[in-house]
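Asks: Please read through the structure below; I'll follow up with questions.
Chains as they are written, first to last, in the numbering used here: chain U, 704 to 1060; chain X, 704 to 1060; chain D, 704 to 1060.
Shown next as structure tokens:
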């Protein structure tokens, strides 16, 4: 269950630099490619004999089927084929796409509703003084379990104990609020020792790494499934989140969580930072470290998914620490309701049912 | 959907040289082995405890179960077992088999209808002056998609662009005719430059490789699923297909396409040639090259199969270039109709339905 | 179909030495760990968000969920969680467990019926003068096919021809009797040459390896699925099974066969011996050799399982050599009947149906 009338991150530009890319998004098998007028996306299905167009190639900005040479237009209408008149050929679906902020975005739902202006503005992707590095994981769980994961960073203490976790996360209270469609979960830890990842960031930023800091985590969920997390540390007593730049190291954890099927998703993760933006070696170091940390979630999430599928009747707990995920799911449910045909409302999935605790 | 009352290539003699071979043909799990009186084939199921007989061995021409020693007759009737009287033991199916032309042939249907005289005559396999080399691939698509593939060589331009493909294939008209149960698709290209594979063949045949040639492709489908393709080039203007032998390089592409399940098949491919037949090194070189070329079809066919299974309702196009496959499927349908029990006719599979185009 | 009100071997102590172990037993997903008061076992499902507890850790004898830190009691009742009151949290199942004879035992059924006193006494595991070495295999067939395998050692002649098999096994008559719930199958071979495994054992025991021996195999099945086999050889004419210790080499083949699902099981195999018990190198050598021999059964059993699943209607034979397995299945059926709710009796599985032969 995912909204289809929404912009999702589908790929990075490098993935379609040389050849078409076949990728399933929200159960739609799509081929992405760089057409004459920019990025394009159509069904990964040649109307001639059903071959995957993603095994073809792009010639002069036109997608060519790699089986018998049918040329497909970016509107899903065949353009030409050697020795054939294609006027009567069936068409395939095309999908609204946009290239923005270093990502390829796709709208898997009703094209008539797609408005690129509703792609969220990512200031760190366009502002001078910011750098970004990230990666992509294929994860075997439904996308909402990843949203839960990211909207409750308590898990850092356990899953990421050796890098960003610390016991004070567990102990600090968490605040969750919903503003329109945005859900914000905040946690502030004052006068704590920085864990290894932040020690390195302090050093990278020219600050001492062995003194107490004020640490913050502010998770922002926006639908359909984006989670941007402001994270950082400031030397203790300098104002924390509001401290002057010279006393802190901070960044934005970027998470675009794109459903593939009901039980799998594409996880675009990364980090944007506004210090030493020109230091490509630092970008690479951070990406490697973050990639390792984020891979620690995989086994947990995939086995959690298997457990939930085994026990569809069990109702999970919704504690205060889970409020971020719970509120995010409510926003998603509102989006889903807008897409649902008139009729009985979709019952909430058991995994999101409320339990008094 | 495949005819069962038909001779299929099941294996090569080398595969059963040392020990029994278990292989599924037309959904039948069969064990092939070399019995006292020649090749034999029975169900791969020991009536004692259901063990696979293919894990056993052949002793003095008798198949012995590798679990508890039951000796199976090539008629599917147990012969002996240590310490047991096997008279009352249940029997298993046996299958008509024949070893001919360098292949093991099996008849998975009604044994009463099997006549080895109906195995097609392969002159190149018995005539002096011909050599043959080939291989076996397991392909994850139904056998008819492979027939389509081979009865429309337009795909060479795209799938095999670096070896046997050239744009003139696309541009040359194709002619298809059906003679009884045989479907013949022909394409002639005059005065074209030879692609790399044929350059090598010309050189191997002592001819110049940098001059124009006349090229031909004549595909012969015979049921249930054999495709033999006469291919060759002659120095331009020497008569093409009918040119004297000293001006040409030609061969027969051999394709035996044996269903395993409804969505998988065994693909026995090879090439027979009537020049330098004694040159085993050349045979090996051709086999290696052909094996590489034919492996290029795999991803296309397997993803085509996946697309068709995803969209069972979609009707594919049947263009003039597809006529070879379309006519071949009609022959297969006639064979299937002969096997069908009286009653409503089997509806054509959507993938073979006609679409005006 | 397996009894659930029974003690099964679930693991070895080494498997839970450092961290929890997740393992499915009789379709129950269970996490085993070393708690403060000893080994413990609860459902591998955190009631907070469904995470697998087996990915967590043990701290001060308490199992901690590796996702958000819920602390689970060994009775399946949450003990604590950072920042939470767990009193109202749902509980999970706990399982009776015991550590005994070098194994972790579990009772996957009704805890009220679990009595550790009914764990079978394994004298070789506690007596001085005995040594044990073994291993664990995951096998893709139902546990009863493994019981059949071990209660009819005729298969050694075929499956293990190069190590413990010899033709005299086939030729020697077998005797099967049932005493209460125990099934005993015996085979005695007099004046035979020892096969390679026993030659090595004779040498290891300081005896000549090139003279005739009397050999015995006495298989003991006890429910739910334990098979202990007395095996050995004595110099011919010295009394065979009853010969003085100085003339023989003997041991106990240990097989604990624990169902995972209806078509898979955990196979704990090993060998206990009462000679050179202090020779750890000998233990390792025997373990390596036995591991290789027992791995030879895997392909046979897994393909037998596949054949049986393909032909659920076929009735397998039940010969005299199969009597051990047949009788053992009858004991299992009695145990199953005790667990069945009142109502129509469970029909026998086709694979165990009697066929006149």
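Ideal placement from N, C-alpha and C gives every residue a C-beta, glycine not left out.
The model shown is predicted, which means the values in this text are computed figures rather than measured ones.
1. In the DSSP assignment, find the unbroken alpha helix (DSSP H) run with residue 900 of chain X in it and report its ends.
2. Give every residue of the same chain whose Cβ lies closer than 6 angstroms to the Cβ of residue 892 of chain X, excluding the five residues on either side of it in the sequence, and list them in chain order.
3. Decide if residue 717 of chain U is buried, meaning its Cβ has at least 16 other Cβ atoms within 10 Å, or exposed.
4. By the 10 Å Cβ neighbour count, where 16 or more other Cβ atoms means buried, how is residue 1034 of chain U classified, buried or exposed?
5. At a Cβ cut of 7 angstroms, what residues of the region 769-788 of chain X count as close to chain D, listed as they run along the chain?
6. Along the region 856-877 of chain D, what residues have a CB closer than 7 angstroms to any CB found in chain X?
7. Can you list the residues of chain D that residue 1014 of chain U reaches, using a CB-CB cut of under 9 angstroms?
8. Which residues in chain X have a C-beta closer than 7 angstroms to the C-beta of residue 905 of chain U? List them in chain order.
9. Could you name the residues of the same chain whose beta carbon sits closer than 7 angstroms to that of residue 937 of chain X, not counting the 5 residues immediately before and after it, in chain order?
10. Should the region 845-859 of chain D be called in touch with the region 817-834 of chain D, which here means at least 3 C-beta pairs below 8 angstroms?
11. With 16 as the cutoff for other CB atoms within 10 Å, does residue 816 of chain X come out buried or exposed?
12. For residue 970 of chain U, report the span of its beta strand (DSSP E) as first-last.
13. Looking only at its own chain, which residues have a Cβ that is under 6 angstroms from the Cβ of residue 853 of chain U, when we skip the five neighbours before and after it?
14. Which of the three DSSP states, helix, strand or coil, is assigned to residue 715 of chain D?
15. Express the C-alpha separation of residue 834 of chain X and residue 980 of chain X in angstroms, rounding to a whole number.
16. I want to verify the contact list: residues of chain B whose CB lies under 8 angstroms from the CB of residue 1026 of chain D, in sequence order.
17. Name, in chain order, the residues that DSSP records as bridge partners for residue 918 of chain U.
18. Residue 758 of chain X touches chain D at which residues, Cβ-Cβ below 7 angstroms?
19. Could you round the C-beta distance between residue 974 of chain U and residue 989 of chain U to whole angstroms and report it? I think they count as a contact, below 8 angstroms.
20. Of all the CB atoms in chain X, is at least one closer than 7 angstroms to the CB of residue 1011 of chain D?
21. Cα-Cα, which of D:956, D:908, D:913 is closest to residue 948 of chain D?
22. Give every residue of the same chain whose Cβ lies closer than 6 angstroms to the Cβ of residue 1005 of chain U, excluding the five residues on either side of it in the sequence, and list them in chain order.
23. Which class does residue 953 of chain U belong to by DSSP, given the choice of helix, strand or coil?
24. What residues from chain D crowd round residue 1017 of chain U, counting only those whose CB sits closer than 9 angstroms?
25. So for residue 1032 of chain X, helix, strand or coil by DSSP?
26. Do you know whose CA, among D:837, D:966, D:873, lies nearest residue 993 of chain D's CA?
27. Less than 7 angstroms between the C-beta atoms of residue 1022 of chain U and residue 1007 of chain D, yes or no?
28. Evaluate contact between the region 775-783 of chain X and the region 759-767 of chain X, counting only Cβ atoms and requiring at least three cross-stretch pairs below 8 angstroms.
29. For residue 808 of chain X, which of helix, strand or coil comes out of DSSP?
30. Drop a sphere of 10 angstroms on the beta-carbon of residue 712 of chain D, count the other beta-carbons inside from all chains shown, and report buried for 16 or more, exposed for fewer.
31. Suppose you measure from the CA of residue 923 of chain X to the CA of residue 1027 of chain D; what does that come to, to the nearest Å?
32. Would you check if the distance between the CB atom of residue 839 of chain U and the CB atom of residue 971 of chain U is smaller than 7 angstroms?
33. Between the Cα of residue 864 of chain D and the Cα atoms of D:792, D:898, D:1012, which residue gives the shortest distance?
34. Could you tell me the distance, in whole angstroms, from the CA atom of residue 995 of chain X to the CA atom of residue 729 of chain U?
Replies: On the basis of the supplied data:
1. The count along the second chain starts at 1 and reaches residue 900 of chain X at position 197. Segment 899-907, the alpha helix (DSSP H) holding residue 900 of chain X.
2. Along the second chain, one-based indexing puts residue 892 of chain X at 189. For residue 892 of chain X, where only same-chain residues beyond five positions count, the Cβ hits under 6 angstroms are 871, 875, 918.
3. Your numbering for residue 717 of chain U matches position 14 in the first chain. Answer is exposed; the Cβ neighbour count stays below 16.
4. As a position in the first chain, residue 1034 of chain U is number 331, starting the count at 1. When all chains shown are included, residue 1034 of chain U counts as buried.
5. Here the close residues are 769, 770, 771, 772, 785, 786, 787.
6. Against chain X - using a Cβ distance shorter than 7 angstroms - the residues of the region 856-877 of chain D are 857, 858, 860, 861, 862, 873, 874.
7. Walking along the first chain from the start, residue 1014 of chain U turns up at place 311. Within chain D, the residues placing a beta-carbon under 9 angstroms from that of residue 1014 of chain U are 748, 753, ordered along the chain.
8. Reading the first chain from its first residue, position 202 is the one you call residue 905 of chain U. Under the 7 angstroms cutoff, chain X gives no residues; its nearest Cβ is about 49 angstroms from residue 905 of chain U.
9. The residue labelled residue 937 of chain X in the question sits at position 234 within the second chain. Cβ neighbours of residue 937 of chain X within its own chain (closer than 7 angstroms, five residues either side excluded): 916, 917, 943, 946, 950, 951.
10. The region 845-859 of chain D, when compared against the region 817-834 of chain D, does not touch it at the 8 angstroms Cβ threshold.
11. Working through the second chain from its first residue, we reach residue 816 of chain X at position 113. Residue 816 of chain X comes out exposed.
12. For the purposes of this step, residue 970 of chain U is taken as residue 267 along the first chain, with counting starting at 1. 967-976 is the extent of the beta strand (DSSP E) around residue 970 of chain U.
13. As a working mapping, residue 853 of chain U is identified with position 150 in the first chain. Only 930, 958 meet the Cβ criterion.
14. As a working note, residue 715 of chain D is residue 12 in the third chain. Here residue 715 of chain D sits in coil by DSSP.
15. In the second chain, residue 980 of chain X corresponds to position 277, counting from 1. In the second chain, residue 834 of chain X corresponds to position 131, counting from 1. Pairing residue 980 of chain X with residue 834 of chain X, the inter-Cα distance amounts to about 5 angstroms.
16. In the structure shown, chain B cannot be found, because the protein chains are U, X and D.
17. Translated into positions along the first chain, residue 918 of chain U becomes position 215. U:892, U:936, per the DSSP bridge assignment.
18. Translated into the one-based positions of the second chain, residue 758 of chain X becomes position 55. In chain order, 1002, 1003, 1006 make up the part of chain D whose C-beta sits under 7 angstroms from the C-beta of residue 758 of chain X.
19. Within the first chain, numbered from 1, the residue matching residue 974 of chain U stands at position 271. Within the first chain, numbered from 1, the residue matching residue 989 of chain U stands at position 286. About 6 angstroms separates the beta carbon of residue 974 of chain U from that of residue 989 of chain U, a gap short enough to meet the 8 angstroms contact definition.
20. Within the third chain, residue 1011 of chain D is the residue found at index 308, counting from 1. Taking Cβ atoms only, chain X reaches closer than 7 angstroms to residue 1011 of chain D, which makes this a yes.
21. Reading the third chain from its first residue, position 245 is the one you call residue 948 of chain D. Sorting D:956, D:908, D:913 by C-alpha distance to the C-alpha of residue 948 of chain D places D:908 at the top.
22. Translated into the one-based positions of the first chain, residue 1005 of chain U becomes position 302. Leaving aside the five residues that flank residue 1005 of chain U on each side, the residues in its chain whose CB is nearer than 6 angstroms to its CB run, in chain order, 843, 844.
23. In the first chain, the residue the question calls residue 953 of chain U occupies position 250. Residue state, collapsed to three classes: strand.
24. Position 314 of the first chain, counted from the first residue, corresponds to residue 1017 of chain U. What residue 1017 of chain U touches in chain D, judged by beta-carbon distance under 9 angstroms, is 748, 750, 753, 793, going in chain order.
25. Taking the second chain and counting its residues from 1, one reaches residue 1032 of chain X at position 329. It is helical.
26. Within the third chain, numbered from 1, the residue matching residue 993 of chain D stands at position 290. Among D:837, D:966, D:873, the Cα nearest to that of residue 993 of chain D is on D:837.
27. As a first step, residue 1022 of chain U is located in the first chain; it is residue number 319 there, counting from the start. As a first step, residue 1007 of chain D is located in the third chain; it is residue number 304 there, counting from the start. With respect to the 7 angstroms criterion, residue 1022 of chain U and residue 1007 of chain D are not classified as neighbours on the basis of their beta carbons.
28. Taking a contact to require three or more Cβ pairs closer than 8 angstroms, the region 775-783 of chain X and the region 759-767 of chain X qualify as touching.
29. For the purposes of this step, residue 808 of chain X is taken as residue 105 along the second chain, with counting starting at 1. Strand.
30. To locate residue 712 of chain D, count along the third chain from 1; it is residue 9. With 16 or more Cβ atoms within 10 Å of its Cβ, residue 712 of chain D is classed as buried.
31. Here residue 923 of chain X refers to the residue found at position 220 when the second chain is read from its first residue. Here residue 1027 of chain D refers to the residue found at position 324 when the third chain is read from its first residue. Cα to Cα, residue 923 of chain X sits roughly 59 angstroms from residue 1027 of chain D.
32. As a working note, residue 839 of chain U is residue 136 in the first chain. As a working note, residue 971 of chain U is residue 268 in the first chain. Yes, the Cβ-Cβ distance between residue 839 of chain U and residue 971 of chain U is below 7 angstroms.
33. Translated into the one-based positions of the third chain, residue 864 of chain D becomes position 161. The residue with the shortest Cα to Cα distance from residue 864 of chain D is D:898.
34. In the second chain, residue 995 of chain X corresponds to position 292, counting from 1. In the first chain, residue 729 of chain U corresponds to position 26, counting from 1. Roughly 36 angstroms separates the two Cα atoms.
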